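Student: Just dropping this structure here.
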Amino acid sequence: MNDAAPGVGTPQPDTGEPEHTGPRAPDDAPAPPAPLDVPRTPTGHPEVDAHVERLADADHLATDGHLEVYEDVHRGLRDALTALDARPGPPPEHAHRS
C-alpha cells in the first residue's frame, strides 16, 4: 500500500509558461522608464562632452520622449563639428604675379 499523499513528488507537466511566484502586474501595463547606464567616455572636447552627457536626460523618459533628446544632441554635435570647419586657420598663401 502506498501511503504517500497524492501529487507529492509527482512531476508537474510542463505548460510552456514560466512559473510565477509573486504578484503580477497587468500584462498591458508598460514598464516604467529605467536608466540604460550606458557608459559615456569623455572625448576631451568640453563642448562635445556636454552634448554626449545630455543623452543621460533620456534615461528617465518614456521611449516616446527619447526622440527630442536625441535630436537635440545630434543638432549640438553637428553644430560643434561645423564650428571646427569654420575656425580660421593660417591665411592661405597667394601666388603674386607682378
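Counting from 1, one number per residue, gives the positions in the sequence shown under full-length UniProt numbering.
The beta carbon of each residue, even a glycine, is placed where N, CA and C say it ideally should be.
Computed from a prediction, not measured in an experiment: that's the story for all the values here.
(1) Does DSSP classify residue 79 as helix, strand or coil?
(2) Given 8 angstroms as the limit, is there contact between the stretch 59-69 and the stretch 78-90, that is, 3 or more CB pairs closer than that?
(3) Hey, could you find the ends of the alpha helix (DSSP H) residue 88 is sitting in?
(4) Return the residue from the list 55, 71, 66, 29 that minimises the CA-CA distance to residue 40.
(5) The alpha helix (DSSP H) with residue 48 in it runs from where to where?
Tutor: Result, derived from the coordinates:
(1) Annotated three-state conformation of residue 79 is helix, per DSSP.
(2) no
(3) First-last for residue 88: undefined, no H or E at that position.
(4) 55
(5) 46-54
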